[in-house]
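>
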Amino acid sequence: MVASVRRGAACAAAVAVVAGLATPVAATAAPGGSDAADDRPGEERATGTGTPARGERDCGQGSWVAGTVDICGGELVYRDYVYDDHGASAAGLPDDRLEGLYAAVRPTHDGWGNTSPAGAADYLGQPPDSRDNTADLVSLRAQVTDTTLTVTAELNTMFEPHRAKVVVGIDTDGDPATRRGAQWPGLVANPFTGETLDNSGLDTFIVLDQGDPDSNLLTTTVQRPPGSTWRLQAVTARPVDGVADPALMNVAFRGVDERGGWWENAQAAALAEGDISDFAHTVSVTDLERGVTRRDEVPPGKLRQRVYISEHNPGSGEGIDHDGVAGPGSWLPEEDRSILSQGFTHVGKYQPYGFYRPADPAPHELQLLLHGAGENHSAQMWDPGGGANPPPIAEAFGESNRVFASPLGRGPRGWYSSYSERDVLDVLADVKANYPVEGDRVTLSGTSMGGYGATRIAALHPDEFAAAMQWVGYTGDLLNGTTAEGNGSQAAAVGNAVELLGNLRHVPLASWYAGADELVHVNQALAVRERLEELDLPSVWWLHPTANHSSPATLNDWAKEVEWSADRIRVSEPAHVSFRTDRRFFAPEAGVVPDGAYWVSDVRPAGPGHADVDAVSYGCGRGEPVTELTRPSGMRPVPWVGQRIDVVDTREHERRQHLELTVANVAALAIETGDPAGKPDAGQACLGREAFSFEITTDRPLTVHFSGGRTLTLDSRGTHTGTVAAG
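So the sequence shown is residues -29 to -1, 1 to 698, counted in mature numbering (1 follows the signal peptide of the UniProt record, and there is no 0).
1) Whole beta strand (DSSP E) runs in the region 243 to 302 with 3 or more residues, listed along the chain?
2) How do the region 116 to 136 and the region 163 to 172 stand: do at least 3 beta-carbon pairs fall below 8 Å, yes or no?
3) Identify whether Y569 lies in helix, strand or coil by the three-state DSSP scheme.
4) Suppose you measure from the CA of D294 to the CA of G314; what does that come to, to the nearest Å?
5) Is Y406 helix, strand or coil by DSSP?
6) Buried or exposed: H133, going by 16 or more other Cβ atoms within 10 Å of its Cβ?
7) Give the range of the beta strand (DSSP E) segment to which A438 is assigned.
8) Does the beta-carbon distance from A546 to R593 come in below 8 Å?
9) Whole angstroms are fine: how far does the CA of T190 sit from the CA of A(-1)?
10) Any idea which residues DSSP pairs G417 with across the strands?
11) What's the gap between the Cα of C43 and the Cα of V634?
12) The alpha helix (DSSP H) that contains T525, what's its start and end?
13) Since I believe V227 is in contact with R275 (beta carbons under 8 Å), could you give me their beta-carbon distance rounded to a whole number of angstroms?
14) Tell me, which residues are paired with D620 by DSSP?
15) Is the beta carbon of V263 closer than 8 Å to that of E289?
16) From A(-14) to A208, what does the alpha carbon distance come to, in whole angstroms?
17) Between T164 and A218, what straight-line distance do the alpha-carbon atoms span, to the nearest angstrom?
18) Give me, in chain order, the residues of the same chain whose beta-carbon lies closer than 8 Å to that of G13; leave out the 5 immediate sequence neighbours on both sides.
19) Hey, how far is the Cα of T175 from the Cα of G45?
20) Ignoring anything shorter than 3 residues, give me the beta strand (DSSP E) runs that lie fully in the region 169 to 234, in order along the chain.
21) Our contact map puts Y589 next to R554 with C-beta atoms below 8 Å; I'd like the distance itself, whole angstroms only.
22) Suppose you measure from the CA of A577 to the CA of G689; what does that come to, to the nearest Å?
23) Measure from the alpha carbon of Q322 to the alpha carbon of each residue in N284, E346 and A330, then state which is nearest.
24) Closest to N161 by CA distance: which of V211, A697 and Q181 is it?
25) Output yes or no for whether 8 Å exceeds the beta carbon distance between A518 and R575.
26) Which runs of the beta strand (DSSP E) spanning at least 3 residues fall entirely within the region 655 to 684, listed in chain order?
27) Output yes or no for whether 8 Å exceeds the beta carbon distance between L399 and R427.
28) Is T621 buried or exposed, if buried means 16 or more other CB atoms sit within 10 Å of its CB?
29) By the three-class DSSP mapping on this structure, what secondary structure does G693 have?
30) Shortest alpha-carbon distance to S34 belongs to which of D249, K403, S312 and T128?
31) In chain order, what residues of the same chain have a beta carbon less than 7 Å from the beta carbon of R671, not counting five sequence neighbours either side?
32) Kindly list the residues whose CB is nearer than 6 Å to the CB of A359, restricted to its own chain and excluding five residues on each side of it in sequence; keep chain order.
33) Alpha carbon to alpha carbon, what distance is there between E595 and S678?
34) In chain order, what residues of the same chain lie with their CB nearer than 7 Å to the CB of V695, ignoring the 5 residues before and after it?
35) Measure the beta-carbon distance from M220 to G345 and round it to whole angstroms, keeping in mind my assumption that it falls under 8 Å.
36) Near K320, which residues of its chain fall below 8 Å by C-beta distance, leaving aside the five closest residues on each side in sequence?
Written as structure tokens, this is what we have:
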């Protein structure tokens, strides 16, 4: 099993060197780090971040754009797509759109949801289990000395040292005719037809077939091949039932333009034909000798896959668990789990997300797209029938100069709490750390299950976002808006989103609902509208009476959303904070504890159920917004009626040293009163270290911690007034 932090050297690999390469020298430990590269702001490069984002810019380290090749202090570093080891397509369709449609209609394992891979080799004669990700190449690294070549491959999943092998082919002279009799050793490219792999001029092969399950590394050092320029190819393979030789599952050096629901359409088609000659990388051996650092350039304007490294991983911490590691929303027995019960299927530390960066100059806005149940990180931006790239949604929002990022959410039924919620926050941090996005212009959005996730996460982390949008979003209770709500009808939701809307006081919400929705029935839509009106929250709500659940995806029309979301800016220091949480929302094992927002923090619920804080500071001199409610209607993309609440003015109040708190089911909380010498927009109540008066209403004893080490203890319920001394 792989450890969450891997430090040990890989064990020696059993190495076969074929056709003209001398006897290998003793295997060595995996090569170490590489020289840090200069990373100019605004360039799209395979730069890195961990979790939480550290903004690392070390070449070949941290997060990356899948398919990139860097030279890092003389070390060649190829980093691949993840969860893409599916081998050849059974159909072998040459056109990317046809391959996508084929994948869309194929039956699939639970871990893949409704977004089936194009490759089908991993389905041959074996039931779904947790071990079909064991040929998933993460990275391939190569270094040279005067006499040796060291090759190290990392796999995403490794439970057994001999389960998969990695084969590297080298063309040392650039002549396709000089194969020296060599062939890809003991591999089948297409197990459906028995097709072997064509050799396009490779004259040297290195086979790594023993790995270290503690580090997931296969590594060896061999005598350095001849030549000043090498063309490299590499594949992974593993056994499949009914096939004598190991079947190819994953191909390296595919570039950044791979396509499909799991970014492996081109791979699947090439393996079906037995020809991967298009997937290669040419390197100057002199660059490796001289310790050159050269970062791969990734052109903007297209959908890509990015991969980050998570520090919070469920279950085994690697591979795919098709049953799903149970989350707090798992309510069905294990044998009956479905899409309506939460399960984290993609449990490894390497987590992918869909990513689009516009070609327009920085800085950019950022919009997160959360997928629906049964979908993945490509679903919101990739169309299997049309295959449009740039994605249609990115083009629709083109004038906003907006980056789009779509998290996997730990699989097709993560439901955006616990580890799935952590994934969304990590993707947000990774984009911010690596691209010139404006932190005050981040919109969170999602569809169906993702609509629930967008509303829920925006409510529990409101100080991160400028706005939220959801399409046909599940509300967290099938019976919301009826007299039966709350009677065990929550499915996999952890929290009723309608009951959390009050947290969105400063995060405007757009809601797109369908009157003929067969999954999110109209009672849920009406419950959202009524709650928004009751709370007088800045928002827009659209109901399309003739639309159904799939209409947002099929209509591909975002004109209303483009207009409404333009120029939204995050509020960082509001005078009025409303925050509701619940112990059920805390997942410390995933690094998720939503216990405050803005200048309210460390909210500790006193008991089960909602813990509520309503806090007003008069120290900033800001008043309450004045809103206007209208009920518009329209015809695009189909007829709709709506409700819109806009801020039209502000009711100012005089600045004074005074704080008002109303809390329920809260044992303790903290208030950041502010530091006069602190930087602006730091999330503070503008009361500083000076004395201030208070009025606090609580339903039980309460402890309040203030900046500067000041503590106020209230021993009884009721309304309390007084003064907090300077500190």
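Ideal Cβ placement from N, Cα and C applies to all residues, glycine included. The structure presented is a predicted model; accordingly, all values stated were derived computationally and were not measured.
To lay it out plainly:
1) Whole beta strand (DSSP E) segments, 3+ residues: 252 to 255, 274 to 280 and 291 to 297.
2) Flag = no, the region 116 to 136 and the region 163 to 172 do not touch.
3) DSSP places Y569 outside both helix and strand once states are collapsed to three, so it counts as coil.
4) Rounded to the nearest angstrom, the two C-alpha atoms are 7 Å apart.
5) Three-state DSSP puts Y406 in coil, outside helix and strand.
6) Exposed is the call here.
7) Residues A438 to W442.
8) R593 is positioned such that its CB atom lies closer than 8 Å to that of A546.
9) Per-residue confidence for A(-1) stands at a pLDDT of 30, beneath the threshold of 50, marking its modelled position as unreliable; the derived number appears in the next sentence. When rounded, the distance between both Cα atoms is 7 Å.
10) As a beta-bridge residue in DSSP terms, G417 pairs with L341 and Q441.
11) A direct Cα-Cα distance of roughly 54 Å separates C43 from V634.
12) Looking at the DSSP string, the run of the alpha helix (DSSP H) that includes T525 is S522 to L526.
13) Between the beta-carbon of R275 and that of V227 there is about 6 Å, and that keeps the pair under the 8 Å contact cut.
14) V597.
15) Here E289 is not near V263, since their CB atoms are 8 Å or more apart.
16) Any reading at A(-14) needs caution, since the residue's pLDDT is 44, under 50, leaving its predicted position unreliable; the model's value is listed next. So the two alpha carbons sit approximately 15 Å from each other.
17) Here the C-alpha atom of T164 lies approximately 11 Å from the C-alpha atom of A218.
18) Unreliable positioning characterises G13 in this predicted model, as indicated by a pLDDT of 32, which lies under 50. The coordinate reading is nonetheless provided below. Closer than 8 Å at Cβ, skipping near neighbours: P332, A333 and P407.
19) So the alpha carbons of these two residues sit roughly 21 Å apart.
20) Fully enclosed beta strand (DSSP E) runs of no fewer than 3 residues occupy 175 to 179, 188 to 194, 200 to 209 and 218 to 222 of the region 169 to 234, in order along the chain.
21) So it is not a contact: roughly 31 Å between Cβ atoms.
22) Roughly 16 Å separates the two Cα atoms.
23) For the residues N284, E346 and A330, the minimum Cα distance to Q322 belongs to N284.
24) With distances taken between CA atoms, N161 lies nearest to V211 out of V211, A697 and Q181.
25) Taking 8 Å as the Cβ cut-off, A518 and R575 do not qualify as a contacting pair.
26) Segments of the beta strand (DSSP E) lying fully in the region 655 to 684: 663 to 669 and 673 to 677.
27) The answer is no: Cβ separation not under 8 Å.
28) Its Cβ having fewer than 16 others within 10 Å, T621 is exposed.
29) Note: G693 maps to strand in three-state DSSP.
30) Here the closest residue by C-alpha is K403.
31) Excluding five sequence positions before and after R671, the CB atoms of its chain that fall closer than 7 Å to its own CB belong to A577 and R688, given in chain order.
32) Spatial neighbours of A359 in its own chain (CB-CB distance under 6 Å, excluding positions within 5 residues in sequence) are not present.
33) Their Cα atoms are separated by approximately 25 Å.
34) Exclusion of the five residues before and after V695 leaves A662, F663, F665, F677, R681 and L683 as the residues of its chain whose Cβ lies within less than 7 Å of its Cβ.
35) Actually they are not in contact, since the Cβ atoms of M220 and G345 sit about 24 Å apart, beyond 8 Å.
36) Here the set comprises V(-28), S(-26), I280, S281, E282, N284, G288 and E289.
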